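Undergrad: Provided herewith is a single structure, encoded as structure tokens, for subsequent inquiry.
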Amino acid sequence: MNDAQIEKLAAIAKEEAYPTGALLYKEGDPSTQLFLVQQGKVFLEMKCDMGPTRPPMQVIIDVVSRREAFGWSWLVEPNLHTLSALIAEPTKVIVFDGGKMKALMDEDCQMGFEIMKGLTRLLASRLNHTRVLLIGERALATLTSNTEYA
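With positions in the sequence shown counted from 1, the corresponding number in the numbering used here is that position plus 398.
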């Protein structure tokens, strides 16, 4: 992106700081912002059902750190977070307003394309990471039981 495009993004961004343990949003909450970590770590978690006799538990799907983004659901309908975001250590983030970012993307198609390429890489990375976790879980389940997966 060029300097003018970066300035436009900076105009719709704000810096925020969060302490360890702060919950930025929960899975299923409306998504209106994109976050970029400047410093610290954020756990992206999913509630997993453990069966009828056990309570659900939060499972860490990914850990986001410096120069990584999260909160992409503002772009994809139904605009609900697919994971929860829990601050793992004192963290500073840059927060972008999703509605304003969509307007900038519509106004400047080249910038929109660059943003979409970055978000596509983010989604592909998150999907691959989740796939690796799933394969590991299935392998563990196969080793510890007689259940076979198709």
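In this text, a Cβ means the ideal position worked out from N, Cα and C, and glycines have one as well.
Computed from a prediction, not measured in an experiment: that's the story for all the values here.
Could you check if E505 is buried or exposed, using at least 16 other CB atoms within 10 Å of its CB as the buried criterion?
TA: E505 is exposed by the Cβ-count criterion.
Undergrad: Would a C-beta distance cut-off of 7 angstroms place K490 and A411 closer than the cut-off?
TA: Not a contact, by the Cβ cut-off of 7 angstroms.
Undergrad: Can you list, in chain order, the residues of its chain whose CB lies under 8 angstroms from that of R519, leaving out five sequence neighbours each side?
TA: Here the set comprises nothing.
Undergrad: Is the beta carbon of L502 closer than 7 angstroms to that of K439?
TA: No, they are not a contact pair.
Undergrad: May I have the straight-line CA-CA distance separating G553 from D401, to the nearest angstrom?
TA: Since the first residue shown for the chain is 399 and the last is 548, residue 553 is missing from the structure and cannot be characterised.
Undergrad: Apply the 10 Å Cβ neighbour rule to G496 and answer buried if 16 or more other Cβ atoms are within range, or exposed otherwise.
TA: The residue in question, G496, is buried, as its Cβ has 16 or more Cβ neighbours within 10 Å.
Undergrad: Alpha carbon to alpha carbon, what distance is there between L531 and Q431?
TA: Roughly 26 angstroms separates the two Cα atoms.
Undergrad: Can you give me the C-alpha to C-alpha distance between P428 and L478, rounded to a whole angstrom?
TA: So the two alpha carbons sit approximately 4 angstroms from each other.
Undergrad: Cα separation between R524 and E466?
TA: Distance between the alpha carbons of R524 and E466: 11 angstroms.
Undergrad: When you measure from the CB of I459 to every non-hydrogen atom of the ligand MN, does any distance come out below 6 angstroms?
TA: As presented, the structure is devoid of all ligands, the ligand MN included, so that no description of it is given.
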